[in-house]
Every structure is written in C-alpha cells, then in structure tokens.
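Below you'll find the structure, written out as structure tokens, and then a few comments.
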Amino acid sequence: GVIDAVCASKRRAHQHHRAAALLMTGFSCFLRSGEMLGLKRRDVKIPERSTAILALRGTKTGQRGGRTELAVVRSAAAVRLLQAHVAPLGPDEEILGLTRGEFCRLFRRAVAALGLADKKVTLHSFRRGGATADFLARGSLEKAPSWALGLSAIGPYNVQDAVAALADCQLSAAQVDDAQRLASHLI
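All you need for my numbering is the position in the sequence shown, starting with 1, plus 4.
Spelled out as structure tokens, the structure:
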C-alpha cells in the first residue's frame, strides 16, 4: 500500500515523521526546501502550544540583508508535530537528519505512491501551495505574514496562476483516501 511505499524502512520511520512535520511547517510558512532542510533544533522555539517561531538562517532574502529571518508557525497541527519531533534533539541537530537527496527521494516516493506524479508536485509546491491557501483564506497577499511579503516566488502572478490551476488538480477519491491514510500514519 501507500504507507509501505513511502515508509519502506522501519529504521527510518522517525525521519518520515520529521519530514511530515517539516512539510506541514513549510506549507504553513511558505518555506523554501533549503529553509526546511537547514532547520536545527536551536532554530525552533515553541512559546505556546499553538505557535512556534523559526529562526531561518541563510535564507535567500536574509543573505542579502545579512540577517536571520523569523517565521511564525500558526498551524496547530504543524506546531504539534514540531513539538513532538524536536523535543528529543540536541540544539545543533538538524530536524530532518536527511541529506537533500534522501529527502527528495522520500518525497518522490510519496508523490508516486499517492498517484500525483502527473500533477507536477515538487517541494516548491509546498511554498506555492501555502501561499495560495493563505491567499484564498485572506483574500489578499497584502495580509500575508510579514516575512513572506515581497518574495517573488509568491508574487500575485504566481498565486493567481496557482488558483487558476486548482481546477486541474482535483484528486480522485482513492488519492484522497491514500493521502489521509498516509497522513494518519505520519501524524
């Protein structure tokens, strides 16, 4: 089944759970894949049960200004996952603990197992999809979180294109069931 295809190794199950936490966080904060992969335990602060603060070091826009950017995770589900999976880590441990290649292979296995290969789903889809979901919820990019403003990757043309493309991204009932089973397993 879909769970076996994605979670082929019991030994790596904890990394799959961490990957789910990072993808959910990436979606809710419009993170680039490098920003997700670069997160270490010390970069995550959880002052409340429903909020987390991420220190994003070496971001594309932060490098230009020579600063660390902050992102606020307001998705309660993402915060719960982060909390559960970062607690046992030492401050300098990477949250995911996978190389970029390993993470991409895991992601491609999940995409293939869910039957989404023809939908052109990539790691960037989480950034773009999060921005689109935020735009649909708020009705404007001007109300987007402050750290996301001005980023070309989520500019109005991209969000409008993404909203228009939603019609082409309808999932079958079987794909939705598989995705829900996988999410239940990972979360």
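Here a beta-carbon is modelled for each residue, glycine too, at the ideal position from N, C-alpha and C. Source: prediction; values computed, not measured.
| field | Collapsed DSSP secondary structure at V48 in the structure displayed | value | strand
| Where does R22 sit, in a helix, a strand or coil, going by DSSP? | helix
| task | Determine the direct distance from the alpha carbon of V48 to that of R84, and round the result to whole angstroms. | result | 12 Å
| query | Are the CB atoms of R61 and E97 nearer to each other than 7 Å? | reply | no
| task | Please classify E73: is it buried, with 16 or more other beta-carbons within 10 angstroms of its beta-carbon, or exposed? | result | buried
| query | CB-CB under 7 Å to T63, same chain, minus the five flanking residues each way: which ones, in chain order? | reply | E39 and E73
| task | Provide the residue(s) that pair with L58 in DSSP beta bridges, ordered along the chain. | result | V48 and A75
| request: Whole angstroms is fine: what's the gap from R109's alpha carbon to R36's? | output: 17 Å
| query | For R104, which residues of its own chain have a beta-carbon under 7 Å away from its beta-carbon, when the five flanking residues on both sides are left out? | reply | L41
| If you draw a straight line from the alpha carbon of S54 to that of A25, how long is it in whole angstroms? | 14 Å
| request: Since I believe A23 is in contact with L100 (beta carbons under 8 Å), could you give me their beta-carbon distance rounded to a whole number of angstroms? | output: 6 Å
| Reduced DSSP category for E97 - H, G, I as helix; E, B as strand; rest coil | coil
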